[in-house]
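521 is the number of the first residue of the sequence shown in the numbering used here; add one for each residue after it. What follows is one structure encoded as structure tokens, with my remarks underneath.
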Amino acid sequence: MSNKKLLMIGGGICLLFAVFSGCGGRSGEKEYNKAMASWKDNDLVRAQSQLEKAIRKLSGNEKKSVANNQLGIILWSLDKHDQSIEKFAESCRLAEDLSGANLNLGIALYHAGQMEQAEFEFTKILGEQPDNAIARSFLGLIHMQEKDWKGASREIAAGLRTHPNDAAGQNALALAELHLNSSSSAAIKRLKQLVSAYPDYAPAAYNLAMIYDQWLHNPSAALGWYKQYLQKAGEEGMHTESATQAIARLSEKEPDTASATPVKQIDSETAAKYIAQGRKLHEAKKYSEAVTQYEKAIKADPSKPIAHYNLGLTYYELKKYREAAQSCSDALKLNPNSANARYMLALSYARQRKWNDAEREAKALKQIDATRGESMLKYIDAARKR
């Protein structure tokens, strides 16, 4: 029950911060420093381009390894997962010793569903760093995928001994122990404690709903937890669609198929396929073809915010900033709390030099994500002066 946008253990891909030795006077190092400045300003698209240029100019495997790892992090943040995995792997190849890129590679492989390769990376890390809690927790998650509940409980519990306040780890341990011991009461107790300690952590609410729904057949309790999950996760939650369907089922409010008014058919499954095709084309930098796939997805199911957002990202790559802004705006109509869509809308306005609109959206972003909103406001202020 992992979320591919927010990595399950530890809250995200581990960032490897490294400073180049020397004064930074060489062209490759200058490009790297520019990329880091863009990254701090949350201008990820520009940071990607600058890092790619830096890697071409840098000399020395150590520096190229650091830059490739950083590029992998940025590509992951842009949902370019296949490219991200390639850069982490390249960083590992260039590094003489075990580095943060090995951990990032394992995490990325896990979320890409490449369990065998991910297990190899985590096992290699634990061979040199037996107390690495993140690697051990992810190894536990792989055991969960294999339905090895005993192995999963052992590894996740070992990780939690180092980081007992890891919400995702506590969530995973509750599920592993639920299947291992067939005891719902212990899992419910752990998950409720987790909800109390971390009120915004949506997966715990969803798992409570599933236990009450599928294990205990308590529709009233399940309904309450499904609703709590939707409140916490919003429209872009990993399980939003299944939770919505469960609420309709438990509330006995199935859609009225006998309505005399023609209703536009929604084909969510087809839309998801078009979105997946669009992502692959985007990662291959075939942006015009990606636009076509996202437009097909929106036609199949216009209610998916991610389709509008991805279309906006693709238009941005094509330097069609007006269209990018419109698509991000459409995404926000469906999910006003999407920090990613709000960020790209502000950036698209800034690219058009529509400073007032850009500032308005950056201020709205600040209400959702204070750090990114403040960074965007600083970026807009600096851009106006250039």
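The beta carbon of each residue, even a glycine, is placed where N, CA and C say it ideally should be.
{"query": "Own chain residues within Cβ distance below 8 Å of L595, not counting five before or after", "result": "Q568, H601, Q603, S604 and K607"}
{"query": "Test item: CB-CB of A810 and I818 under 7 Å", "result": "no"}
{"query": "DSSP three-state assignment for S547, whether helix, strand or coil", "result": "helix"}
{"query": "Own chain residues within Cβ distance below 8 Å of A778, not counting five before or after", "result": "Bear in mind that a pLDDT of 43 at A778, under 50, signals an unreliable position, so the number given afterwards is only what the model happens to contain. Nothing meets the Cβ criterion."}
{"query": "Burial state of I796, where buried means 16 or more other Cβ atoms lie within 10 Å", "result": "Here the sequence assigns Ala to residue 796, which means Ile is not the residue at that position. Label assigned to A796: exposed."}
{"query": "Cβ-based burial, L659 [other Cβ within 10 Å; buried from 16]", "result": "buried"}
{"query": "Span separating the alpha-carbon of N622 from that of L770", "result": "44 Å"}
{"query": "Beta-carbon proximity list for K573, same chain, < 6 Å, skipping 5 on both sides", "result": "E551"}
{"query": "A882 versus D563, N553 and G689, residue with shortest Cα-Cα distance", "result": "D563"}
{"query": "Buried/exposed call for A717, threshold 16 Cβ in 10 Å", "result": "exposed"}
{"query": "Validate contact between the stretch 885-893 and the stretch 576-594 using beta carbons, cut 8 Å, 3 pairs", "result": "no"}
{"query": "For I676 and A696, believed in contact at Cβ under 8 Å, the rounded distance", "result": "6 Å"}
{"query": "Between the CA atoms of L838 and W745 - distance to the nearest angstrom", "result": "42 Å"}
{"query": "Three-way DSSP call (helix, strand, coil) for A878 in this model", "result": "helix"}
{"query": "Three-state class that DSSP yields for R873 in the structure shown", "result": "coil"}
{"query": "Distance CB(A851)-CB(Y829) smaller than 7 Å", "result": "yes"}
{"query": "Selection from L714, I645, E639 and Q734 that minimises the alpha carbon distance to N685", "result": "L714"}
{"query": "Exposure of R710, with buried meaning 16 or more beta-carbon neighbours within 10 Å", "result": "buried"}
{"query": "I662 versus A692: straight-line alpha-carbon distance, rounded", "result": "11 Å"}
{"query": "Distance, S547 Cα to K577 Cα", "result": "7 Å"}
{"query": "Selection from L854, L897 and A763 that minimises the alpha carbon distance to W875", "result": "L897"}
{"query": "Residues near Q649 in its chain [Cβ-Cβ closer than 8 Å; skip 5 each side]", "result": "L618 and A655"}
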